[in-house]
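Student:
There are 2 protein chains.
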Amino acid sequence: MTINERLSALRERMKQEGIDMYIIFSEDFHGSEYVGGYFGCREFISGFTGSAGTVVVGMDEAGLWTDGRYFLQAASQLEGTGIELFRMGNEGVPAVEEFVRDKLPAGGCLGMDGRTISAALGRKYAKICPCLRTDVDLVGDIWEDRPLLSNKKAWLLSERYTGQTRQSRISDLAAFLRSRGADSMAVSSLDDICWLLNIRGDDVLDNPVVLAYMMVFCHGGVTLYADERKFLQADRAVLDQAGVTIAPYDRFYEDLSKLPDGWTLMLDSRALNYAAVCTLPEGVNVIDETDRIMLSKARKNPVEIENLKKAHLKDGIALTRFMYWLKTNAGKTPMTEISTAQKLESFRRQQEGYIEPSFEPISAYGPHGAIVHYSATEESNARIEPRGLLLMDTGGQYYEGTTDVTRTFVMGPLSRDEKFYFTQVLRGNLNLAAARFLYGCRGSNLDHLAREPLWQLGLDYKHGTGHGVGYLLGVHEKPNAFRWKIDAGNVDASDAVLEEGMVTSDEPGLYLAGRFGIRHENLTVCVKDIKNEYGQFMKFETLTLCPFDLDGVDPGLMTEKERNLLNDYHQRIYETIGPHIPENEREWLKNATRRI
Amino acid sequence: MTINERLSALRERMKQEGIDMYIIFSEDFHGSEYVGGYFGCREFISGFTGSAGTVVVGMDEAGLWTDGRYFLQAASQLEGTGIELFRMGNEGVPAVEEFVRDKLPAGGCLGMDGRTISAALGRKYAKICPCLRTDVDLVGDIWEDRPLLSNKKAWLLSERYTGQTRQSRISDLAAFLRSRGADSMAVSSLDDICWLLNIRGDDVLDNPVVLAYMMVFCHGGVTLYADERKFLQADRAVLDQAGVTIAPYDRFYEDLSKLPDGWTLMLDSRALNYAAVCTLPEGVNVIDETDRIMLSKARKNPVEIENLKKAHLKDGIALTRFMYWLKTNAGKTPMTEISTAQKLESFRRQQEGYIEPSFEPISAYGPHGAIVHYSATEESNARIEPRGLLLMDTGGQYYEGTTDVTRTFVMGPLSRDEKFYFTQVLRGNLNLAAARFLYGCRGSNLDHLAREPLWQLGLDYKHGTGHGVGYLLGVHEKPNAFRWKIDAGNVDASDAVLEEGMVTSDEPGLYLAGRFGIRHENLTVCVKDIKNEYGQFMKFETLTLCPFDLDGVDPGLMTEKERNLLNDYHQRIYETIGPHIPENEREWLKNATRRI
Numbered sequence: 025m026t027i028n029e030r031l032s033a034l035r036e037r038m039k040q041e042g043i044d045m046y047i048i049f050s051e052d053f054h055g056s057e058y059v060g061g062y063f064g065c066r067e068f069i070s071g072f073t074g075s076a077g078t079v080v081v082g083m084d085e086a087g088l089w090t091d092g093r094y095f096l097q098a099a100s101q102l103e104g105t106g107i108e109l110f111r112m113g114n115e116g117v118p119a120v121e122e123f124v125r126d127k128l129p130a131g132g133c134l135g136m137d138g139r140t141i142s143a144a145l146g147r148k149y150a151k152i153c154p155c156l157r158t159d160v161d162l163v164g165d166i167w168e169d170r171p172l173l174s175n176k177k178a179w180l181l182s183e184r185y186t187g188q189t190r191q192s193r194i195s196d197l198a199a200f201l202r203s204r205g206a207d208s209m210a211v212s213s214l215d216d217i218c219w220l221l222n223i224r225g226d227d228v229l230d231n232p233v234v235l236a237y238m239m240v241f242c243h244g245g246v247t248l249y250a251d252e253r254k255f256l257q258a259d260r261a262v263l264d265q266a267g268v269t270i271a272p273y274d275r276f277y278e279d280l281s282k283l284p285d286g287w288t289l290m291l292d293s294r295a296l297n298y299a300a301v302c303t304l305p306e307g308v309n310v311i312d313e314t315d316r317i318m319l320s321k322a323r324k325n326p327v328e329i330e331n332l333k334k335a336h337l338k339d340g341i342a343l344t345r346f347m348y349w350l351k352t353n354a355g356k357t358p359m360t361e362i363s364t365a366q367k368l369e370s371f372r373r374q375q376e377g378y379i380e381p382s383f384e385p386i387s388a389y390g391p392h393g394a395i396v397h398y399s400a401t402e403e404s405n406a407r408i409e410p411r412g413l414l415l416m417d418t419g420g421q422y423y424e425g426t427t428d429v430t431r432t433f434v435m436g437p438l439s440r441d442e443k444f445y446f447t448q449v450l451r452g453n454l455n456l457a458a459a460r461f462l463y464g465c466r467g468s469n470l471d472h473l474a475r476e477p478l479w480q481l482g483l484d485y486k487h488g489t490g491h492g493v494g495y496l497l498g499v500h501e502k503p504n505a506f507r508w509k510i511d512a513g514n515v516d517a518s519d520a521v522l523e524e525g526m527v528t529s530d531e532p533g534l535y536l537a538g539r540f541g542i543r544h545e546n547l548t549v550c551v552k553d554i555k556n557e558y559g560q561f562m563k564f565e566t567l568t569l570c571p572f573d574l575d576g577v578d579p580g581l582m583t584e585k586e587r588n589l590l591n592d593y594h595q596r597i598y599e600t601i602g603p604h605i606p607e608n609e610r611e612w613l614k615n616a617t618r619r620i
Numbered sequence: 025m026t027i028n029e030r031l032s033a034l035r036e037r038m039k040q041e042g043i044d045m046y047i048i049f050s051e052d053f054h055g056s057e058y059v060g061g062y063f064g065c066r067e068f069i070s071g072f073t074g075s076a077g078t079v080v081v082g083m084d085e086a087g088l089w090t091d092g093r094y095f096l097q098a099a100s101q102l103e104g105t106g107i108e109l110f111r112m113g114n115e116g117v118p119a120v121e122e123f124v125r126d127k128l129p130a131g132g133c134l135g136m137d138g139r140t141i142s143a144a145l146g147r148k149y150a151k152i153c154p155c156l157r158t159d160v161d162l163v164g165d166i167w168e169d170r171p172l173l174s175n176k177k178a179w180l181l182s183e184r185y186t187g188q189t190r191q192s193r194i195s196d197l198a199a200f201l202r203s204r205g206a207d208s209m210a211v212s213s214l215d216d217i218c219w220l221l222n223i224r225g226d227d228v229l230d231n232p233v234v235l236a237y238m239m240v241f242c243h244g245g246v247t248l249y250a251d252e253r254k255f256l257q258a259d260r261a262v263l264d265q266a267g268v269t270i271a272p273y274d275r276f277y278e279d280l281s282k283l284p285d286g287w288t289l290m291l292d293s294r295a296l297n298y299a300a301v302c303t304l305p306e307g308v309n310v311i312d313e314t315d316r317i318m319l320s321k322a323r324k325n326p327v328e329i330e331n332l333k334k335a336h337l338k339d340g341i342a343l344t345r346f347m348y349w350l351k352t353n354a355g356k357t358p359m360t361e362i363s364t365a366q367k368l369e370s371f372r373r374q375q376e377g378y379i380e381p382s383f384e385p386i387s388a389y390g391p392h393g394a395i396v397h398y399s400a401t402e403e404s405n406a407r408i409e410p411r412g413l414l415l416m417d418t419g420g421q422y423y424e425g426t427t428d429v430t431r432t433f434v435m436g437p438l439s440r441d442e443k444f445y446f447t448q449v450l451r452g453n454l455n456l457a458a459a460r461f462l463y464g465c466r467g468s469n470l471d472h473l474a475r476e477p478l479w480q481l482g483l484d485y486k487h488g489t490g491h492g493v494g495y496l497l498g499v500h501e502k503p504n505a506f507r508w509k510i511d512a513g514n515v516d517a518s519d520a521v522l523e524e525g526m527v528t529s530d531e532p533g534l535y536l537a538g539r540f541g542i543r544h545e546n547l548t549v550c551v552k553d554i555k556n557e558y559g560q561f562m563k564f565e566t567l568t569l570c571p572f573d574l575d576g577v578d579p580g581l582m583t584e585k586e587r588n589l590l591n592d593y594h595q596r597i598y599e600t601i602g603p604h605i606p607e608n609e610r611e612w613l614k615n616a617t618r619r620i
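Heads up: the protein sequence lines correspond to chains A and B, in order.
Mapped onto the numbering used here, the consecutive letters of the first sequence carry residue numbers 25 to 620.
Mapped onto the numbering used here, the consecutive letters of the second sequence carry residue numbers 25 to 620.
#1: Which residues of chain A have a Cβ atom closer than 8 Å to the Cβ of LYS148 of chain B, listed in chain order?
#2: Give the residues from the segment 500 to 529 of chain B that approach chain A closer than 7 Å (Cβ to any Cβ), ordered along the chain.
#3: For PHE216 of chain A, which residues from the same chain have a beta carbon less than 6 Å from its beta carbon, with the 5 sequence-adjacent residues on both sides left out?
#4: Let me check you understand the geometry: is the CB of THR269 of chain B closer than 7 Å to at least one non-hydrogen atom of the ligand MN?
#5: Would you identify the three-state DSSP class for ILE194 of chain B, choosing helix, strand or coil?
#6: Counting only runs of 3+ residues fully inside the segment 451 to 499 of chain A, write out the beta strand (DSSP E) ranges in chain order.
#7: For ILE27 of chain A, which residues of its own chain have a beta-carbon under 7 Å away from its beta-carbon, when the five flanking residues on both sides are left out?
#8: How many whole angstroms separate the CB atoms of ARG204 of chain B and ILE270 of chain B, which I take to be in contact at a CB cut-off of 8 Å?
#9: In whole angstroms, give me the CA-to-CA distance for LEU220 of chain B and ALA144 of chain A.
#10: Could you give the C-beta distance for SER468 of chain B and ASN469 of chain A, rounded to a whole number, given that I count them as a contact under 8 Å?
#11: Quickly, what does DSSP pair PHE241 of chain B with across the bridge? List them, please.
#12: For ASP126 of chain A, which three-state DSSP category applies?
#13: Please classify SER32 of chain A as buried or exposed, where buried requires at least 16 other C-beta atoms within 10 Å of its C-beta.
#14: If contact means a Cβ-Cβ distance below 7 Å, which residues of the segment 96 to 120 of chain A contact chain B?
#15: Anything in chain A within Cβ reach of ARG460 of chain B, meaning under 8 Å, just list it in chain order.
#16: Would you tell me roughly how many angstroms separate the C-alpha atoms of VAL160 of chain A and ASP137 of chain A, rounded to the nearest one?
#17: Since THR269 of chain B sits in a beta bridge, which residues does DSSP pair it with?
#18: Which of the three DSSP states is assigned to TRP612 of chain B in this structure?
#19: Name the residue from A:GLU403, A:PRO326, A:GLY419 whose alpha carbon lies nearest to the alpha carbon of GLN366 of chain A.
#20: Could you tell me the distance, in whole angstroms, from the CA atom of ARG543 of chain A to the CA atom of GLU611 of chain A?
#21: Which chain A residues sit within Cβ distance under 8 Å of GLY464 of chain B?
#22: Specify the secondary structure class of MET5 of chain A as computed by DSSP and reduced to three states.
#23: To the nearest angstrom, how far is the alpha carbon of ASP84 of chain A from that of SER142 of chain A?
#24: With distances taken between CB atoms, is the gap from LEU415 of chain B to GLY393 of chain B smaller than 8 Å?
#25: Less than 8 Å separating the beta-carbons of VAL79 of chain B and MET45 of chain B?
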């Protein structure tokens, strides 16, 4: 079936249901950023494979909304489909809701699968459109070879890695519920569930999560709605001892619908799906509050941080050894985007405790580097020549945590622009990492540090400077971030106060379409600095350990402070990574981390 | 009557009314920052003269809450009163609401004058305390020689200054009300009223406002609740022609109480007072929305900006001539804090179109400079010696707009610390003024630019970096500001997106108690920079024209970029101010603005 045939089939179903316009979101039933195959409706209907996007299908037109990371990719993938690309954030481009309000015929009916949208957003659509059908899955209806729901195994993560028992996490949350007067809390975010229960699984590619819903009761009991066959019998017993009862995945909705009158339910309408909220009986009191588990899990505890440092040491060894191989083989050994990504993966696999990539690796050579979330295919796979820039954004899932790192490697001679911008982007990375700030600051207070060199030149990278990172969970985790745009209605969940233990990426970039792309990404952990009469000062420690390619750096463009920051970082890498690699590589590393 | 006697008398009244705890806010009935004498209840009951503070009086205890600007001043003024100082923002210091919740006896009754608190805050107290009396003014009851309400004259400000007729401003607002489905909008902010109607008055010291309430109807009519004797008959006729009807000041509440069922009233519960909202009949629909007039008046139009530049040229001439006098007379002519402030005022008075100071001038020598809002009295008035730093924060109201400027003058030899910190604070001022940023940024995205040199040293100045400034109105104006702390529930009204035409101060400082204070303040206007594929870039133009005292600058502490910024600014001052001052002063100015 071509995209056009799929659209026709969908419109046929819409007619049968009396639906004039149908929206397909990217999310699964859990608000996940990356989704299992079963939930790929948006990709199925449009052919667009990016991680974020929304498709609206009317009777005569169709559109895809996505953000700056995907403009080039989406334009290319939508070619010939008749689906118009709406570049979110660009001037004059309507939001999805505006488009729906304008284009839906008067009295027309809007349809969507209510499980694939947050309750908060669902309510917005309900306001726009009195005739809103959310009990349908029309793309599912026409998708003949739809993948099944994942039935992968789940497993327990020991306290050695988590630093806190599941009993302790549950009982903290239960105490919180009691303090708020809530009888229970409904949770659908997969990483929340895995974090609270110290379980992991394999139901979403590169995200070791378990497909489940959860209800946590104020007395400390938990119902986990998941396929019980995922768990070993021994593990089920362990969970049972911690007060965790397993119930079938779909019973979540049924149980919600049977909550008694006067029950007080806590939920986060920005996380829980709309169908779940629509299921609640009238008599249930809802406390709609920013997801408490999200706030807790973002603050990595001392055990998690010690583990993260181990994971980053391992990741740094793999990365540095790969860099040695790449730099010394450039122009000698044939290599492509895909082969270099595989080579790096092979170095990671040599590390004990490595599980899998934490996201689909990006290896983008030359002009491909300007496609922010480029993913090499057999067709696009570029041969790497001994010149220009290779942008590699990769990461790993280790028992000791999740890594995410981008290096832009110099494969040979650079143009003056390539070197100039390589250095400017690096200045932003270094200045943000060196921030010292009073407790209470949010990422939006500091984002400018990374962006300033580019903004002074009238340039920008059109994406956030950094995202929170999970612990052996999603590589993109709320609520901390480095972004300058503030979501005024949702500050605490999208731009939280930076707390001790929060892990955030620092990844400015520059993308010149058709020419090249640059990104320099390290992970940072927020730690306490001095405390005095002015308050508690905070700073970042850089977790990632891999040299920035000095062949791309023009020291004359940097301030003395910036050069010192780079030199200190490189010295640390030499001292920590050096002892773990063969001598010839260590010799090379000495030069790769030389003072400039 | 001593403060202790006043407190006793108040507690007597509280007993009579069955009130266990009484709160006295700083505000008048209009949420003004500075208030007329009639509204000085908080100062009357506590003796604290700062512009911001809240007093809570219980039967056995009393407290004053104020912010970092006033810690030293309040501690000194509260001495011996038995009123405890609560330093807002310091660790472990409860908010007023928390204190009330904790200390109010169970079932106890809380009292306040509901006209002196915003509806939003009033509702918070109503939640905390079921027994809330807001129909009392107990301090007024015991205040025998209370000043009368101001009866000063009001006058019309011509289009030459405002750039827009009152008809046009009213009709824009009426169209907005219709677009929102509102029948009318209730307004109590004095500067909103003056801005919309192009009127000015003299009812608050240094703030040329008219004591009034206002109702704006969606068909374009306006009721101005004010003493009609304030206006010349001819001016009343002009207002009448613009659809503005004058009604008695107090009738505002009566009219609100008579709004018919089904009436849709727009108001901003963060601005309108609680008593007004309590007056509304049940059947009135309220649209509670961020004050539209505030948002409009913050964006100065081209005529206002041209006028502002004229005002700042005049102010710059007065300042520069004063600086010449100060620097050439230091150590030769006796001078004090008060005499220097008067001298500067005398230079301002020589400028055509100068009306009055825009706030009570600060002239603070040596250790007094560390008291952020120090105000010299006959008792405290320090003699200025030929050494150390003199901090002067002053401003003027001109027909062409409002100015606000701080210079820290070097009176003779400095300590190494004085020069070091003088330069660090200046770096912050220069870097913020030179920001270039994408449209959509708020002040909180940029505040760090000013604070960074101090935060790197583990220091801070504990106040915002900058505030919005009115046009011949309040010198502190919302919604734009430079602050790093985000009020998550009120972002758009306290930390608005920086729009073309917004005027904001840039005033980092450093205050070392008992030693010295430094502040460098310029006003900036936000303007458009280049627009390209990345978006609309914005930047600031500095309005203030007066040299920073180079005797305090250590160029070795500055980057080359920072030195260039200072040199460029100084060159502009020489070129713009130079032609307007006598030759010997110009010669001096040439040296005072030399390249470093």
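We treat Cβ as the ideally placed atom computed from N, Cα and C, and that holds for glycine.
Bear in mind that the values here come from a model prediction, so they are computed numbers and not experimental data.
Tutor: According to the structure shown:
#1: Counting from one through the second sequence, the residue named residue 148 of chain B turns up at place 124. Chain A residues near LYS148 of chain B: none, gap ~18 Å exceeds 8 Å.
#2: Flagged, chain order: TRP508, LYS509, ILE510, ALA512, VAL515, ASP516.
#3: Here residue 216 of chain A refers to the residue found at position 192 when the first sequence is read from its first residue. Looking at the sequence shown, residue 216 of chain A is not Phe but Asp. ILE317, listed in sequence order.
#4: Ligands are entirely absent from the displayed structure, and the ligand MN is therefore not among its contents.
#5: As a working mapping, residue 194 of chain B is identified with position 170 in the second sequence. DSSP, read as helix, strand or coil, puts ILE194 of chain B in helix.
#6: Listed in chain order, the complete beta strand (DSSP E) runs (minimum 3 residues) inside the segment 451 to 499 of chain A are 460 to 462, 490 to 492.
#7: Along the first sequence, read from residue 1 onward, the residue named residue 27 of chain A stands at position 3. Around ILE27 of chain A, the same chain offers SER70, GLY71, THR105 as residues with beta carbons nearer than 7 Å, after the five sequence neighbours per side are excluded.
#8: In the second sequence, counting from the first residue as 1, residue 204 of chain B sits at position 180. In the second sequence, counting from the first residue as 1, residue 270 of chain B sits at position 246. Rounded to the nearest angstrom, the Cβ distance from ARG204 of chain B to ILE270 of chain B is 26 Å, too far for a contact under 8 Å.
#9: If you number the second sequence from 1, residue 220 of chain B lands on position 196. If you number the first sequence from 1, residue 144 of chain A lands on position 120. Distance between the alpha carbons of LEU220 of chain B and ALA144 of chain A is about 37 Å.
#10: Your numbering for residue 468 of chain B matches position 444 in the second sequence. Your numbering for residue 469 of chain A matches position 445 in the first sequence. Right, their Cβ atoms sit about 6 Å apart.
#11: In the second sequence, the residue the question calls residue 241 of chain B occupies position 217. Looking at the DSSP output, PHE241 of chain B bridges to B:SER208.
#12: Along the first sequence, read from residue 1 onward, the residue named residue 126 of chain A stands at position 102. In this structure, DSSP gives ASP126 of chain A a helical state, which the three-state scheme calls helix.
#13: Here residue 32 of chain A is taken as the residue at index 8 of the first sequence, counted from 1. Answer is exposed; the Cβ neighbour count stays below 16.
#14: Answer set for the segment 96 to 120 of chain A: empty.
#15: Taking the second sequence and counting its residues from 1, the one referred to as residue 460 of chain B is at position 436. At a C-beta separation below 8 Å, ARG460 of chain B has these neighbours in chain A: TRP479, GLN480, GLY482.
#16: The residue you call residue 160 of chain A lines up with position 136 of the first sequence. The residue you call residue 137 of chain A lines up with position 113 of the first sequence. One Cα belongs to VAL160 of chain A, the other to ASP137 of chain A, and the distance between them is close to 5 Å.
#17: Start at 1 with the first residue of the second sequence, and residue 269 of chain B comes out as number 245. According to DSSP, THR269 of chain B bridges with B:THR247.
#18: In the second sequence, residue 612 of chain B corresponds to position 588, counting from 1. Residue state, collapsed to three classes: helix.
#19: Taking the first residue of the first sequence as 1, we reach residue 366 of chain A at position 342. The shortest C-alpha separation from GLN366 of chain A is found at A:GLY419.
#20: Here the question's residue 543 of chain A lines up with position 519 in the first sequence. Here the question's residue 611 of chain A lines up with position 587 in the first sequence. Taking the Cα positions, ARG543 of chain A is about 26 Å away from GLU611 of chain A.
#21: In the second sequence, counting from the first residue as 1, residue 464 of chain B sits at position 440. Chain A residues near GLY464 of chain B: TRP508, LYS509.
#22: Residue 5 of chain A cannot be examined here, being either before or after the span of chain A that is shown, 25 to 620.
#23: Residue mapping note: residue 84 of chain A aligns to position 60 of the first sequence, counting from 1. Residue mapping note: residue 142 of chain A aligns to position 118 of the first sequence, counting from 1. ASP84 of chain A and SER142 of chain A have their C-alpha atoms spaced approximately 27 Å apart.
#24: Residue numbering aside, residue 415 of chain B sits at position 391 when the second sequence is read from its first letter. Residue numbering aside, residue 393 of chain B sits at position 369 when the second sequence is read from its first letter. Yes, these two residues count as a Cβ contact at 8 Å.
#25: Start at 1 with the first residue of the second sequence, and residue 79 of chain B comes out as number 55. Start at 1 with the first residue of the second sequence, and residue 45 of chain B comes out as number 21. Not a contact, by the Cβ cut-off of 8 Å.
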